[in-house]
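Participant: Dropping a structure here in structure tokens format, bear with me for questions.
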Amino acid sequence: MTPQVEPLDSDFLQDPYAVYRRLRQRGPVHRVEIWGGVPAWLVTRYAEARELLADPRLAKDHLRAERLFPPGFAGGARSGWNANMLHTDPPDHTRLRRLVNKAFAARAVQHLRPRIEQVTDELLDTLDPTGPVDLIQSFALPLPIRIIGLLLGVPESDHERFTEWSEPFIDSRASFRRGSAERELAEYLPRLLAAKRANPEPDLLSELAAASADGDRLTEAELLTMTFLLILAGYETTVNLIGNGAHALLTNPARLAELQARPELLPAAVEEFLRIASPVNIATTRFTTEPVRIGEVEIPAGEFVLIGLLAANHDEVQFTGPDELDFTRAVNAHLAFGHGIHYCVGAPLARLEGEVALGRLLARFPGIALDADAPTPGRRQSTLMHGLTALPVRLTAA
25 MTPQVEPLDS DFLQDPYAVY RRLRQRGPVH RVEIWGGVPA WLVTRYAEAR
75 ELLADPRLAK DHLRAERLFP PGFAGGARSG WNANMLHTDP PDHTRLRRLV
125 NKAFAARAVQ HLRPRIEQVT DELLDTLDPT GPVDLIQSFA LPLPIRIIGL
175 LLGVPESDHE RFTEWSEPFI DSRASFRRGS AERELAEYLP RLLAAKRANP
225 EPDLLSELAA ASADGDRLTE AELLTMTFLL ILAGYETTVN LIGNGAHALL
275 TNPARLAELQ ARPELLPAAV EEFLRIASPV NIATTRFTTE PVRIGEVEIP
325 AGEFVLIGLL AANHDEVQFT GPDELDFTRA VNAHLAFGHG IHYCVGAPLA
375 RLEGEVALGR LLARFPGIAL DADAPTPGRR QSTLMHGLTA LPVRLTAA
């Protein structure tokens, strides 16, 4: 019997929750089409998702993945920018990740707290307390861009270009700009890294430019693609965490009041935002290197597998009341940052930024509310990222 094919279309991207609920009830894995016609399998239940995220039979090597696309469909998969640790397997993945693990470790990230607090306060100072404010463009977006720019050592004058370069790789509505973004990156990043070599500073890019791990120095191509990945992944997830978290609060007045009355719940609240409105919808693509059985379905070797992080985080079997915002969950082992060897290296930084940003936003503007006169916020056209295009608010209740 031929499995029913689910289209991951624009309607799905705007409201994936109902689709995921229906698919979980049907089974753990489903036939889908991605990128305009490429067949794949989508995993929607928690237990299977967690297991497969750590399954070595699912690979990510971009060169091998290219050969699995139907003729004419590889498109962006052939981009040289995919040659980074997100799209590699051991031993290359192990070597590349070792180079950045230390910089993003929880203890190292805590040293950034004063700077994150300073940047947060500076951005809050610029917000108009009397008029409408787009919380994404004015706060959730610039904060993580400035922080990752600081950590990497990217000149502040170049920070605004991050979104121009990254958006075509994430949002289908901007994909027509991908070619120009790749050309600009190919010109900009070598100049930036050459400057770091000539005048090293106490930042991550200077370290990477001179890096060796157990004597295995980064190649020039690896250095370029690693830099691109750190810029892109270094802020996109956090933008969505802050934006989705603020939206979850503003659409749940009881939870907003609870958090304002009990600010000690903030770390747990950030974990709940990560679960209920996961900043990453579907994990980056994997493929089977041998047949893999999921429930009653056997996926042949050489087929793409998508793991639905947002879907798994709403699994009724794993989470009681999965659609309810609950800051007092006894167990919240969500998969928002993945699991296994590809667990998000920037998770400690994203958590810290989310905690500081949302905590100081509520402390500064306790009367914050959705702008009742603005349209309902729309979501980005991306199977990868799960975030809002805008979040219109009023900082002082009318």
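The sequence shown: position 111 = 135 (this note's numbering), numbered continuously.
Ideal Cβ positions, reconstructed from N, Cα and C, are used throughout, including at glycine.
(1) When we look at the beta-carbon of G258 and count the other beta-carbons within 10 Å, is it buried (16 or more) or exposed?
(2) Here's the rule: buried if 16 or more other CB atoms are within 10 angstroms of the residue's CB, otherwise exposed. What is L177?
(3) Can you tell me whether DSSP reads D35 as helix, strand or coil?
(4) Assign V124 to buried or exposed, taking buried as 16 or more other Cβ atoms, counted over all protein chains shown, within 10 Å of its Cβ.
(5) Since I306 contacts G332 with CB under 8 angstroms, what's their CB separation in whole angstroms?
(6) Going by the DSSP bridge assignment, what does V321 pair with across the sheet?
(7) Round the Cβ separation of P114 and L419 to the nearest angstrom and send it over; I've been treating them as touching at under 8 angstroms.
(8) From this set, E225, L386, Q38, which residue's C-alpha is nearest P287's C-alpha?
(9) Judging by CA-CA distance, which residue of E348, P80, E340 is the nearest neighbour of Q49?
(10) Are the region 310 to 320 and the region 397 to 414 in contact at 8 angstroms, needing three or more beta carbon pairs?
(11) Helix or strand or just coil, what does DSSP make of V355?
(12) So, does the region 205 to 220 touch the region 285 to 300, judging by three or more C-beta pairs under 8 angstroms?
(13) When you compare the region 252 to 267 with the region 160 to 167, are there three or more beta-carbon pairs, one atom per stretch, that lie closer than 8 angstroms?
(14) As a quick exercise: from E75, N223, R131, A71, pick the residue whose alpha carbon is nearest that of R373.
(15) Taking contact to mean at least 3 C-beta pairs separated by less than 8 angstroms, is the region 33 to 44 in contact with the region 394 to 405?
(16) When burial is assigned at 16 or more other CB atoms within 10 Å of the CB, is T144 buried or exposed?
(17) The alpha helix (DSSP H) that contains I331, what's its start and end?
(18) At what residues does the alpha helix (DSSP H) containing A64 begin and finish?
(19) Ignoring anything shorter than 3 residues or poking outside the region 115 to 192, list the beta strand (DSSP E) runs there in chain order.
(20) Indicate whether R81 and E314 have their beta-carbon atoms separated by less than 8 angstroms.
(21) Between the Cα of L77 and those of C368, G203, E206, V380, spot the shortest distance and give me the residue it belongs to.
(22) What does DSSP give as the partner residue(s) for A83 in the beta ladder?
(23) For a quick check, are the C-beta atoms of E292 and A272 less than 8 angstroms apart?
Facilitator: On the basis of the supplied data:
(1) buried
(2) In the sequence as displayed, the identity of residue 177 is Gly instead of Leu. Counting Cβ neighbours within 10 Å, G177 comes out buried, since at least 16 surround it.
(3) helix
(4) buried
(5) 5 angstroms
(6) I318
(7) At roughly 48 angstroms, the Cβ-Cβ gap does not stay under 8 angstroms, so P114 and L419 are not in contact.
(8) L386
(9) E340
(10) no
(11) coil
(12) no
(13) yes
(14) According to the sequence as given, residue 373 is Leu; it is not Arg. Comparing Cα positions, the closest option is R131.
(15) yes
(16) buried
(17) From DSSP, I331 is part of no alpha helix (DSSP H) but of the beta strand (DSSP E) over 328 to 331.
(18) Run containing A64: none in the alpha helix (DSSP H); it sits in the beta strand (DSSP E), 62 to 67.
(19) 156 to 158
(20) yes
(21) C368
(22) F311
(23) A small fix is needed here, since residue 292 is Ala in this sequence, not Glu. Contact: no.
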